[in-house]
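Chains A and B supply the protein sequences, listed in that same order. If you read the first sequence in my numbering, its first letter stands for residue 771, the second for the next number, and so on. If you read the second sequence in my numbering, its first letter stands for residue 771, the second for the next number, and so on. We put the beta carbon where it would ideally sit given N, CA and C, even for glycine. None of the values given here were measured: they were computed from a predicted structure. Beneath this line is the structure, given in structure tokens, with notes to follow.
Protein chains: 2
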Amino acid sequence: MAKEEKEFVKEITPQSRDFSQWYVDVILKADLADYAPVRGSIVMKPYGYAIWESIQGELDRRFKETGVQNAYFPMFIPESILTREAEHIEGFAPEVPWVTEVGKEKLAERLAIRPTSETIIHHMYSQWIQSWRDLPMVLNQWCSVVRWEKATRPFLRTTEFLWQEGHTAHQTEEEAEARTRQMLEIYRSFAEEHLAIPVIPGQKTENEKFAGALRTYSIEALMGDGKALQAATSHHLGQGFARVFDISFLDADGQLKYVWQTSWGASHRLIGALTMVHGDDRGLVLPPRVAPLQLVAVPITTKKVKEEVLTRTRELAQRLGQRFRVKLDDREEQSPGWKFNDWEMRGVPLRLELGPRDLAAHQVVLVRRDTGEKISASQDGLVDAVGELLDNVQYSLYQRAGRFLADNTREAADYEEFQRVIEEKRGFVRAGWCGDGGCERTIKEETGATIRNIPLVGSEPAGHSCIRCGHPARAVVYFARAY
Amino acid sequence: MAKEEKEFVKEITPQSRDFSQWYVDVILKADLADYAPVRGSIVMKPYGYAIWESIQGELDRRFKETGVQNAYFPMFIPESILTREAEHIEGFAPEVPWVTEVGKEKLAERLAIRPTSETIIHHMYSQWIQSWRDLPMVLNQWCSVVRWEKATRPFLRTTEFLWQEGHTAHQTEEEAEARTRQMLEIYRSFAEEHLAIPVIPGQKTENEKFAGALRTYSIEALMGDGKALQAATSHHLGQGFARVFDISFLDADGQLKYVWQTSWGASHRLIGALTMVHGDDRGLVLPPRVAPLQLVAVPITTKKVKEEVLTRTRELAQRLGQRFRVKLDDREEQSPGWKFNDWEMRGVPLRLELGPRDLAAHQVVLVRRDTGEKISASQDGLVDAVGELLDNVQYSLYQRAGRFLADNTREAADYEEFQRVIEEKRGFVRAGWCGDGGCERTIKEETGATIRNIPLVGSEPAGHSCIRCGHPARAVVYFARAY
């Protein structure tokens, strides 16, 4: 009954020593995920999945408020359908896994595992949409998709990943553009309010847009190591897919027209973003709104005073549990100190400690994960005090990340300084760009930085010239090295 | 811009003429699902998916109350892992799709698309479980799985289907058996309380058990045409997988032992069950608890009295909407009669009508979908009246289905009568069985009926002999033709 040798992460590598290794250590040690026996794939463990459930629940609620309906389309896409739109298949072809046989039989037509579902959904839309009365069609699905990428990394880029993908069809270009921007705004406000991650909303360049889209918008966040991360995208697809899939409708004016379309998505990479924006050398730091556990209660017993401390801690945990997500850690085999480390590593926003002295003083000690601050609080009115403190933690995490983003967004006087900043300081560099894709590619080759987006706010080029070629700037954009 | 010719279901075939066609008509016409361009696959449309969300939400809540945690495992299972347990792979091999290439490259090892996830989950359990302190491990995942079945049917048997699959590991046989039975009981109470579907809980025979299980339990329901449907299963896996995947732990007594395991699942075929248990010739009939819409409000305007009727109906819909799932149908282009038919077809439990005369009398008319009964109700206290009525509809649907089940559960004096009942009346036949698998197979060949299960209650064989061979019965069991 020999067990295989297993490797356990014993310590978390400090961020300053090796940020990449720190990230993987935290993911594994905080039980967010584990490596799966399929290349580039992870298993989402219960603690990681609970974060995903919070993300799902909150995004889904915000979607539905704007009239989004959920549906489910097959994971298999027949080759003839996947390859119909030329730019689209060109973008995804190298990453698509193909089912070629079932049992012992060869299939007549290969089936792709969906990398994204535009093609199969548009195939159905062409059957469902006949009249302007069928519009808008605003569907979303929660599912997993597969992209065989070369370099993989837990949550950020995995062979299979969990996400949502919205797909809409509209009567007019204006309506499609408005939906594209509306969903971008939902992603922005969700990231900032629920995940406490400040982001830059903006438009992707032609080089970086989605394969088959008219234009792509994104929100871009800044990780703790100064690298950018695309946190969600929203695409205006124009009428390209509609023409290829023949999605036409009889408009109110009696004309047969093609629909205007959008698609938009966010994935479990948001969990990676949460980790890298808020985490520290002790592990995860979770904003209270998204944290599976908001408070852990740890009784600190002595030989003399045990039952009373346990009873009181249980009572308080039970009371707090009616309003917050609370865990009572009354395991006897672990010391309080061990528990403190363990729950800090898992990023629980607040810890409640109760010992014999607190019992006598009718108080508890509350410890903030984000600052380490210890606060004595009366047992009376504890529910309100904890509520306020959680709001406070949520807000200060957002503030702190906002300061970090501001401190790490720089301007560069010339290309030399640009290169030095990208190389030495990382972060975002706001700089003028001439609008030429060749210039953009040269910058990428020379510095590793890409244009993250052309921000919705503050991209006016007046007075700026292109940081690389010196020609008049078409826009001021955000550059960064990115995940 | 030529459109393909499309076929729309114009009418619902009466159940008495062709139950199968009736079923497909209802699924398509009520917008639960549509056929997808992949063999045996469906698209779940928003109305069907909303039912699935209700099923998910309620089952998930009941699971979590018993300590179940959600997780997510990859959809790909390497061939070497899927084929490790002999009985298991023998059961699933012919139905498994294989990914053999990615982009233009052949894979070194084929990857199966999961037909169920015992193998990959147990592979991970062998790494996660070391000590009795790691037990029990009680995980569940919501996902889709794929089985390439010969005969397919929307929701009941589709190539890809949505489901949940729970997988647990325990210290002792007793604990695993208790968990197996606990989950069966959750499925039973969920089916009866939420879906208003009465079921027979019992144990599957050796012939019918899950590939690789020690024993399988199921809940069996009776459809409107008298055919049985297996609505959920719960398996005690024993230590078979644990030995093959080497899932061992150091017990509190210092001994290295194999874990005892269970798995259990329910799928979107429950939507098929809902349709076939409650539906009638006008379409779907949905129990209020699972219905995406519980009440539809239809204003009945005349040329003279229009605005007031609209305003009042809106106000009432808005008030009811705070407690129930309410839709206001104020479309001007459709007549009230057309709307009545449409919402009846979609199975909305209650309709509220408000016309000029109701306006004057300060009342509304409420119409029950299940009985067609019309009830005048005062606009005062309407919320409570609707709440009571919805409870009433939920209860009477369950009662009606219970009567149908009782009326269609028969005994047979001898094999001739057994054959006649199965052929002419369908339904369940309770009969003695000798316990021999050969005898069971003969009955299946001769009558098309299988042993649905050995019921948890009322299987005592005393005084019974086997309906086929006449030997003393080992148990009284439920026979039926089944989906």
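- Interface annotation, residue 881 of chain A: in contact with chain B, CB-CB separation under 8 Å.
- Look at residue 1227 of chain A here: in three-state DSSP terms it is coil, with no helix or strand label.
- The Cβ-Cβ distance between residue 1060 of chain A and residue 964 of chain A falls below 8 Å.
- Cβ contact annotation for residue 932 of chain A (same chain, cutoff 7 Å, sequence separation greater than five): 822, 914, 1037 and 1038, in chain order.
- Inter-segment contact for the segment 1153-1164 of chain A and the segment 1082-1097 of chain A is present: three or more beta-carbon pairs are separated by less than 8 Å.
- The beta strand (DSSP E) runs of length 3 or more contained entirely in the segment 878-937 of chain A are, from start to end of the chain, 907-916.
- By the Cβ neighbour-count rule, residue 1108 of chain B is exposed, with fewer than 16 other Cβ atoms within 10 Å of its own.
- Excluding the 5 residues flanking it on each side, residue 977 of chain B has same chain C-beta neighbours closer than 6 Å at 1207 and 1210, in chain order.
- Any Cβ of chain B closer than 8 Å to the Cβ of residue 887 of chain A would place that residue at the interface, and such an atom is absent.
- Within the same chain, and ignoring the five residues on either side of residue 902 of chain B in sequence, the residues whose Cβ sits closer than 8 Å to its Cβ are 941, 1019, 1020, 1021 and 1022.
- Counting other Cβ atoms within 10 Å of its Cβ, residue 825 of chain B reaches 16 or more and is therefore classed as buried.
- In this structure, the beta-carbon distance from residue 843 of chain A to residue 813 of chain B falls below 8 Å.
- Counting along the chain, residue 1137 of chain A sits inside the beta strand (DSSP E) bounded by residues 1133-1138.
- Spatial neighbours of residue 962 of chain B in its own chain (CB-CB distance under 7 Å, excluding positions within 5 residues in sequence) are listed in chain order as 968, 969 and 1168.
- For residue 989 of chain A, the enclosing beta strand (DSSP E) starts and ends at 985-992.
- Residue 1004 of chain A and residue 1027 of chain B have their C-alpha atoms roughly 52 Å apart.
- Of the residues assessed, residue 974 of chain A falls on the buried side of the cut-off, its CB having 16 or more other CB atoms within 10 angstroms.
- For residue 1015 of chain A, no Cβ of chain B is located within less than 8 Å of the residue's own Cβ.
- Here the C-alpha atom of residue 835 of chain A lies approximately 43 Å from the C-alpha atom of residue 874 of chain B.
- Annotation: the segment 1169-1247 of chain B contains the following complete segments of the beta strand (DSSP E) (minimum length 3 residues), in chain order: 1179-1181, 1198-1203 and 1220-1225.
- In terms of Cα proximity to residue 1090 of chain B, the closest of B:1103, B:1042, B:1156 and B:1138 is B:1156.
- Residues of the segment 841-865 of chain A with a C-beta atom less than 7 Å from some C-beta of chain B are 841, 842, 843, 844, 845, 846, 848, 851, 863, 864 and 865, listed in chain order.
- Across the structure, residue 830 of chain A and residue 1177 of chain B are spaced so that their CA atoms are roughly 44 Å apart.
- In this structure, residue 1200 of chain B lies away from residue 1251 of chain B, with their beta-carbon atoms at least 8 Å apart.
- Residue 1067 of chain A sits close to residue 1083 of chain A, with the two beta carbons spaced by under 8 Å.
- With respect to chain B, the C-beta atom of residue 1009 of chain A has no partner C-beta closer than 8 Å.
- Residue 934 of chain A has a beta carbon lying at 8 Å or more from every beta carbon in chain B.
- If you draw a straight line from the Cα of residue 922 of chain A to the Cα of residue 1218 of chain A, it is about 18 Å long.
- Residues of the segment 806-818 of chain A with a C-beta less than 7 Å from any C-beta of chain B: 806, 807, 808, 811, 813, 814, 815 and 816, listed in chain order.
- Residue 959 of chain B and residue 878 of chain A have their alpha carbons spaced roughly 44 Å apart.
- If you check each beta-carbon in the segment 897-909 of chain B against every beta-carbon of chain A, the ones closer than 9 Å belong to 897, 898, 900, 903 and 909.
- Excluding the 5 residues flanking it on each side, residue 1180 of chain B has same chain C-beta neighbours closer than 8 Å at 1191, 1195, 1197, 1198, 1199 and 1200, in chain order.
- Counting along the chain, residue 845 of chain B sits inside no beta strand (DSSP E), nor does DSSP assign it H or E at all.
- Listed along chain A are 840, each with a C-beta nearer than 8 Å to that of residue 823 of chain B.
- Below 8 Å, too few C-beta pairs join the segment 1044-1058 of chain A and the segment 1068-1083 of chain A to call them touching: fewer than three.
- In this chain, the beta strand (DSSP E) harbouring residue 813 of chain A covers 812-814.
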